[in-house]
Amino acid sequence: MILHHIQTSPNQDNALKLCLRYACKEDAILLSSDGVNALLLRQWAMALSPFKLMVLKDDVVARGLSERLKNVMLIDYNEFVAQSLLHDKVITW
128 MILHHIQTSP
138 NQDNALKLCL
148 RYACKEDAIL
158 LSSDGVNALL
168 LRQWAMALSP
178 FKLMVLKDDV
188 VARGLSERLK
198 NVMLIDYNEF
208 VAQSLLHDKV
218 ITW
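For what it's worth, the numbering used here labels the leading residue of the sequence shown as 128, then goes sequentially.
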């Protein structure tokens, strides 16, 4: 199992697109920094739906998106470390 870590908005580069091309169903995806903006766009939210998806809470709060992203799994930095240890590999895109 791989934890895919996306830090950039899909409007900035193609990291999320590449991640989705190579991710397997048993992999997890973590959105942080500007990567959380992907969930504001329906096409990316739909593309992410088959995966275990986590979002760093501090980044959601910092962008004022708490009300818009109520239905996602928000994690803190301690949980990020725990998830990193649970997965065989972490790939940061």
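The C-beta atom is built at its ideal place from N, Cα and C for all residues, glycine as well.
It should be emphasised that the depicted structure is a prediction, and the values quoted were computed from it without experimental measurement.
Quick one: grab the DSSP three-state call for Ala150. Your numbering for residue 150 matches position 23 in the sequence shown. Ala150: coil per DSSP, three-state reduction.
Considering only DSSP beta bridges, list what Thr219 is partnered with. To locate residue 219, count along the sequence shown from 1; it is residue 92. Its beta-bridge partners are His132.
Evaluate contact between the stretch 133-150 and the stretch 168-179, counting only Cβ atoms and requiring at least three cross-stretch pairs below 8 angstroms. yes
Name the residue from Thr219, Asp161, Leu145 whose alpha carbon lies nearest to the alpha carbon of Ala189. As a working mapping, residue 189 is identified with position 62 in the sequence shown. For the residues Thr219, Asp161, Leu145, the minimum Cα distance to Ala189 belongs to Asp161.
With a 10 Å radius around its C-beta and 16 neighbouring C-beta atoms as the bar for buried, classify Met181 as buried or exposed. Here residue 181 corresponds to residue number 54 of the sequence shown, with the count starting at 1. With 16 or more Cβ atoms within 10 Å of its Cβ, Met181 is classed as buried.
Could you give the residue range of the alpha helix (DSSP H) that holds Leu212? Locating residue 212 in the sequence shown gives position 85, counting from the first residue. Here the alpha helix (DSSP H) through Leu212 covers 204-213.
Sort out for me which residues DSSP pairs Val188 with in a bridge. As a working mapping, residue 188 is identified with position 61 in the sequence shown. Its beta-bridge partners do not exist; DSSP assigns none.
Give the single residue among Ile218, Ile129, Leu175 whose Cα lies nearest to the Cα of Met200. Along the sequence shown, read from residue 1 onward, the residue named residue 200 stands at position 73. Nearest of Ile218, Ile129, Leu175 to Met200, Cα basis: Leu175.
Of the choices Leu130, Asn141, Asn164, whose alpha-carbon is the least far from that of Asp154? On the sequence shown, residue 154 is found 27 positions in, with the first residue counted as 1. Closest by alpha carbon: Leu130.
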